[in-house]
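Chemist: Before I ask anything, here is the structure I am working with.
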Amino acid sequence: VAGDPIVVGSARSKASGWSVGVAVPTAMLTADAWSTVRWAVILGGCVSLLSLLLAISVARSITQPIDAMRRNAVALVAGASPRFEPGTPEMGELWNAIERAVGDHRRSDAEISRLSEQLAAIVTSSRDAILSKTLEGIITSWNRSAQQMFGYSAQEIVGTSIRRLIPPDRQGEEDEILAKIGRGEAI
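Going from the sequence shown to the working numbering is simple: count from 1 and add 170.
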């Protein structure tokens, strides 16, 4: 085509001594190059999109069972008995461990409750005055025998200082007792 730029190339054969020349219009080379680039971009984009879809699929295959296990664990802790179907042996082992831990926790709570009731019955029925206090000396519990011995009802005394019951000349003993308790020593 007249007036179009062309690319020229030549080579000389050592064996025959002939020279070969080629002239190709630039537009033809550019069109082929752009066609190659276009297909490379399209293929690269498709491979990238497929990689992204595969990554999303793998992520869902990992997160969905974990999310299902989390929901079932929350229900289990709340007292329900959910059925969880683990997809892998590892998920099954993890679920079994969660069930055992929740069961152990429930048994511990029941035992603590039973022991607390037993202790409360002992304190309530005791003929001895029994009270409890914080490390700061604030009375937190008071039984009927303490009420009879000291003359204060639980409503009157709970929340006040133990020093209210200690004679002035023995206040120092309370300081020593609280210090020993604070250090974990027996009294």
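The beta-carbon is built from N, C-alpha and C at its ideal position, and this holds for glycine as well. All values reported here derive from a predicted model rather than from experimental measurement.
So, does the region 220 to 235 touch the region 187 to 207, judging by three or more C-beta pairs under 8 Å?
Modeler: Judged by Cβ distances under 8 Å, the region 220 to 235 makes no contact with the region 187 to 207, as fewer than three pairs qualify.
Chemist: Three-state secondary structure (DSSP) at residue 351?
Modeler: Correct three-state label for residue 351: helix.
Chemist: Taking 6 Å as the limit between beta carbons, can you name the residues of its chain near residue 316, skipping five residues before and five after?
Modeler: So the qualifying residues of the chain are 299 and 301.
Chemist: On the three-state DSSP scale, how would you describe residue 330?
Modeler: Three-state DSSP puts residue 330 in coil, outside helix and strand.
Chemist: Starting from residue 336, trace the alpha helix (DSSP H) both ways and give me its first and last residue.
Modeler: Counting along the chain, residue 336 falls outside any alpha helix (DSSP H), and DSSP gives it neither H nor E.
Chemist: Taking just the CA atoms, how far does residue 324 sit from residue 318?
Modeler: C-alpha separation (whole angstroms): 11 Å.
Chemist: Tell me whether residue 326 counts as near the ligand GDP, meaning its Cβ is closer than 6 Å to at least one heavy atom of that ligand.
Modeler: The ligand GDP is not part of the structure shown, which contains no ligands of any sort.
Chemist: What are the partner residues of residue 184, as DSSP defines its beta bridges?
Modeler: Bridge partners of residue 184: none, in fact.
Chemist: Looking only at its own chain, which residues have a Cβ that is under 6 Å from the Cβ of residue 337, when we skip the five neighbours before and after it?
Modeler: Answer for residue 337: no residue qualifies.
Chemist: Can you give me the C-alpha to C-alpha distance between residue 252 and residue 297, rounded to a whole angstrom?
Modeler: Each residue's alpha carbon lies about 49 Å from the other.
Chemist: Which word fits residue 312, buried or exposed, when buried means at least 16 other C-beta atoms lie within 10 angstroms of its C-beta?
Modeler: Burial call: buried.
Chemist: Fully enclosed by the region 227 to 310, which alpha helix (DSSP H) runs are 4 residues long or longer?
Modeler: If we require 4 residues or more, the alpha helix (DSSP H) runs fully inside the region 227 to 310 come out as 259 to 295.
Chemist: How is the alpha helix (DSSP H) around residue 189 delimited, first residue to last?
Modeler: Counting along the chain, residue 189 falls outside any alpha helix (DSSP H), though it belongs to the beta strand (DSSP E) covering 189 to 195.
Chemist: Rounding to the nearest angstrom, what Cα-Cα distance links residue 197 and residue 179 in this structure?
Modeler: Straight-line Cα distance between these residues: approximately 16 Å.
Chemist: Would residue 332 pass as a contact of residue 303 if the rule is Cβ separation under 7 Å?
Modeler: Yes, Cβ-Cβ distance for residue 332 and residue 303 is below 7 Å.
Chemist: Below 8 Å, can you find three or more Cβ-Cβ pairs linking the region 254 to 265 to the region 276 to 288?
Modeler: Counting Cβ pairs under 8 Å, fewer than three are found: no touch.
Chemist: Using DSSP with H/G/I as helix, E/B as strand and the rest coil, what is residue 176?
Modeler: Strand.
Chemist: What are the boundary residues of the alpha helix (DSSP H) that residue 315 is part of?
Modeler: Run containing residue 315: 314 to 320, per the alpha helix (DSSP H) assignment.
Chemist: Excluding the 5 residues preceding and the 5 following residue 176 in the sequence, name in chain order all residues of the same chain whose CB lies nearer than 8 Å to its CB.
Modeler: Around residue 176: 193, 194, 195 and 196.
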